[in-house]
Amino acid sequence: MSVFVALGLLASVTGVASAAGTATGPSTTATYDCRTVPKTSTVNDGVPGPIFWARMQCFGRGWGYTGPVDGVMGPNSWKAIQRYMDHNGWYDGPIDGNPGAETRKGLQRWATAKGGYTGPISGTTERDAYKALARVLNAMTF
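Just so you know, the sequence shown maps onto residues -19 to -1, 1 to 123 in mature numbering (1 follows the signal peptide of the UniProt record, and there is no 0).
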């Protein structure tokens, strides 16, 4: 299982739990203000974490995402990113909010076009693709 799939599944599961809270109380997931969300360290290690995903959600606001900026990518976050990638010709799948193989290929194409990624377009995103996307996201102001 690729790093992307594992983190995507974790984000999906966490997103469901975060939205609902827990039996003992509300979710403790942080929310971010897009104007002050910090830069992501994913540029160094290629491992996306909550700040990387929060920056992705901030970017997604320009493509129809209206949910919380909490660093947890749920279906609506992914739909916004899929719309952006589709608009640019990097995504060939449905706008369904599922971060499957076509979404991962789209992320790799985006990383190639805007972030200098030179790896394969395989649908199994590697750390170098995340590093490239982090460079793109860190250069953005929201």
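A virtual CB, placed ideally from N, CA and C, is assigned to each residue, including glycine. Note that the coordinates shown come from a computational prediction; the quantities given were computed from them, not determined experimentally.
Whole angstroms is fine: what's the gap from residue i's alpha carbon to residue j's?
i: residue 103; j: residue 77; result: 20 Å
i: residue 13; j: residue 113; result: 22 Å
i: residue 30; j: residue 115; result: 11 Å
i: residue 119; j: residue 36; result: 8 Å
i: residue 19; j: residue 81; result: 27 Å
i: residue 26; j: residue 33; result: 12 Å
i: residue 92; j: residue 117; result: 8 Å
i: residue 40; j: residue 69; result: 15 Å
i: residue 105; j: residue 89; result: 9 Å
i: residue 17; j: residue 73; result: 33 Å
i: residue 79; j: residue 38; result: 15 Å
i: residue 21; j: residue 15; result: 13 Å
i: residue 75; j: residue 50; result: 23 Å
Below 8 Å on the Cβ atoms is my guess for residue i versus residue j; work out the distance and round it to an integer in Å.
i: residue 84; j: residue 59; result: 7 Å
i: residue 52; j: residue 11; result: 7 Å
i: residue 28; j: residue 108; result: 7 Å
i: residue 55; j: residue 48; result: 7 Å
What residue range is occupied by the uninterrupted alpha helix (DSSP H) comprising residue i?
i: residue 84; result: 82 to 96
i: residue 15; result: Segment: none, residue 15 is in no alpha helix (DSSP H) and carries neither H nor E.
i: residue 65; result: 56 to 68
i: residue 124; result: As shown, the chain starts at -19 and ends at 123. That puts residue 124 outside it, with no answer to give.
i: residue 41; result: 31 to 41
i: residue 111; result: 108 to 120
Which one of the options has the shortest CA to CA distance from residue i?
i: residue 71; options: 21, 94, 55; result: 94
i: residue 87; options: 40, 66, 117, 16; result: 66
i: residue 123; options: 96, 42, 21; result: 42
i: residue 96; options: 75, 121, 38; result: 121
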